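Right, one structure below, let's go through it.
Residue numbers (the working numbering): -14 to 676.
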């Protein structure tokens, strides 16, 4: 009994002695652990964008996606073990080399981009005082008007209209450069109505109908003495609604009854289409109206009541426009006071029934407060328009079919906002976005350079570096080559997975993986077979820390299975009772292999993805010691993982294979929870996940 009670003390002494002998390997492994995660932190900003998240913004908090990832790990492990038993090592080797090449590019390309590319200047709004009010976007420019005031009486004397484009003048002054002299409408009315048609706008003041098109010539397009409260134009036919609530065609005495909602609901926007239809948006509904023809009256072809108050609308080329399609696909986007966007596909060629666009997934709390303005416009002359949105606190831009968010700027507008876009100059595809409220225009210049994730040279150099490293790895997979590739691969995977899931999902992932790792090492032992396969094939999904200067990974023959069997034999031998009267003439010591220490890349990746997830998803803005608290939480998470690592190394130093994830993950999770509570408070640990 006495001997047994002293055994733990003896084991501790043996462990400390082994650690003392192998301190070089332990520190080397710790350094690789830290370097891998630090590189992941460096490239995290490159990947911290919605388009890089494996399951999108919404999927980042869904448990089922973590289960999918874990299932893929199980399938991968089972496939490797099966192929190894079938002696298909070449399939394993070349398959994993292909995967490693892709993962290697995840690190080399952003690192190269960081070194050789200059970061674009951050976007910021400039302000200009102006009396111009934006009416409608039109192609790569827009229409505005200015009220003419009698300086003596203070009364309204008329309005002047301009078509604006090439937002910067020759002297570089923004935000407007007038292409034409203004068109004057003499009127003493305090309010005007507008509608948009394919070639321009219609203006009515109750007594006049004015049509402004791309020619910007009003000489023959001003109709006076017309009781016009609202005007429209479709296929060169002009229409208006009079104060008697009748629809009439200019040049004809025939009149048509209008739907009741036109009288009773506030208009938000009106567009005329080329298929003799009106797109009519009020605060309560979206309606598609058929203009009268020989075969029909003025009727409602389609209408959709909106549950919330509609605040803004835009009509333009669909975000899902097919690049080579000869038919332009049109999209109507509606914003409301609850912060939701709804989109409808409107086919103006065939006058078919509008279809709700199910891909417009920008609702359910995505925006802050009411939607103040939306705009579909093309800033770079590509096939699709971009979607610009102003909510209560932000200006945002979304592009492409997957609605990639490429601009998110804080603003502070208390009143309504009008949006417009214009080319920055006549020979440029860059554009200026203008936000108009009251007597102020805020404008910001945007260009493709600001959205370019990686320069062409950075991509090419990073890609070539990956190819070169893979060639060296294939020709001479020595330990330093394996470690270099392993560190870069680990950093790339850490960054990609860390930005894809919120911290609580990562923690669930880590707990499940730790349980599986313990079972796979201590019970089924198939993880030892997997490790032996990787060592034999000299593949960099592990890190190697040599203990001796002349160590060569190419000559490594020891296996994890052999070490496990040796440890069992020693343990069984130690349990054999020796009679006390027998003299021991020779003391047998366990020979500890000190050639090199191995650690699977997964043992670095799991703590690393929690570090990146904390930096990516925890609320920013709390500054501590000159840096954001999220960065410090990430570092403390890494330190927690290091604490688990040093405990793990004590067991590994004895030469017995150990499951790394239980200790490494536990340390990282403890470091994350402790630092988050200390720096951000317990509210930051909100359990905001779903299945």
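Each residue gets a CB set at the ideal place from its N, CA and C atoms; glycine is no exception.
Remember, predicted model here, so these are calculated numbers, not experimental data.
Secondary structure at residue 265: strand, using DSSP grouped into helix, strand and coil. Within the DSSP secondary-structure output, residue 509 pairs in no beta bridge. DSSP places residue 258 outside any beta strand (DSSP E), giving it a letter other than H or E.
Bounds of the beta strand (DSSP E) holding residue 242 are 240 to 242.
Where residue 11 is concerned, the enclosing alpha helix (DSSP H) starts and stops at 8 to 32. Per the C-alpha coordinates, the member of 268, 675, 264 positioned closest to residue 251 is 268. DSSP places residue 329 in the uninterrupted beta strand (DSSP E) bounded by 326 to 330.
In the displayed model, residue 646 falls within a helix according to three-state DSSP. As a beta-bridge residue in DSSP terms, residue 384 pairs with 389. In the DSSP assignment, residue 90 falls within the alpha helix (DSSP H) that extends over 74 to 101. Less than 8 angstroms separates the beta-carbon of residue 101 from that of residue 442.
Of all alpha-carbon atoms in 106, 196, 257, the one lying nearest the alpha-carbon of residue 147 is that of 196.
Checking the DSSP bridge columns, you'll see residue 462 has no partner listed. The C-beta distance from residue 527 to residue 482 rounds to 18 angstroms, too long to meet the 8 angstroms contact threshold.
Collapsing the DSSP output to three states places residue 531 in a strand. For residue 495, the enclosing alpha helix (DSSP H) begins and ends at 488 to 503. Residue 519 and residue 458 have their C-alpha atoms some 13 angstroms from each other. Under the criterion of beta carbons closer than 8 angstroms, residue 644 and residue 507 qualify as touching, at roughly 6 angstroms. For residue 147, DSSP records a beta bridge to 129. Per DSSP, the continuous beta strand (DSSP E) segment holding residue 298 begins and ends at 295 to 302.
Per the C-alpha coordinates, the member of 649, 337, 191, 297 positioned closest to residue 259 is 337. Taking residue 503 as the centre and dropping the five residues before and after it, the same chain places the C-beta of 644, 647 closer than 6 angstroms to its C-beta, in chain order.
The beta-bridge partner set that DSSP reports for residue 630 is empty.
Excluding five sequence positions before and after residue 28, the CB atoms of its chain that fall closer than 7 angstroms to its own CB belong to 92, 95, 96, 476, 480, given in chain order. With 16 or more other Cβ atoms from the protein chains shown falling within 10 Å of its own Cβ, residue 468 counts as buried. Ranking 263, 373, 369 by CA distance to the CA of residue 312 puts 369 first.
If you draw a straight line from the Cα of residue 132 to the Cα of residue 424, it comes to about 12 angstroms.
Under the DSSP assignment, residue 598 falls in the alpha helix (DSSP H) whose first and last residues are 587 to 602. Nearest in C-alpha terms to residue 395, of all of 253, 107, 61, 478, is 107. Residue 539 is classed as exposed because its beta carbon has fewer than 16 other beta carbons within 10 Å across all chains shown.
Residue 407 places its beta carbon less than 8 angstroms from that of residue 417.
Between the stretch 354 to 366 and the stretch 278 to 289, the count of Cβ pairs shorter than 8 angstroms is below three; the stretches do not touch. Under the three-state reduction of DSSP, residue 216 is assigned to strand. Between residue 380 and residue 371, the C-beta spacing is not below 8 angstroms. In the same chain as residue 331, and ignoring 5 residues on each side of it, the C-beta atoms closer than 6 angstroms to its own belong to 315, 317, 339, in chain order. Shortest Cα-Cα distance from residue 245 to any of 226, 235, 605, 382 involves 226.
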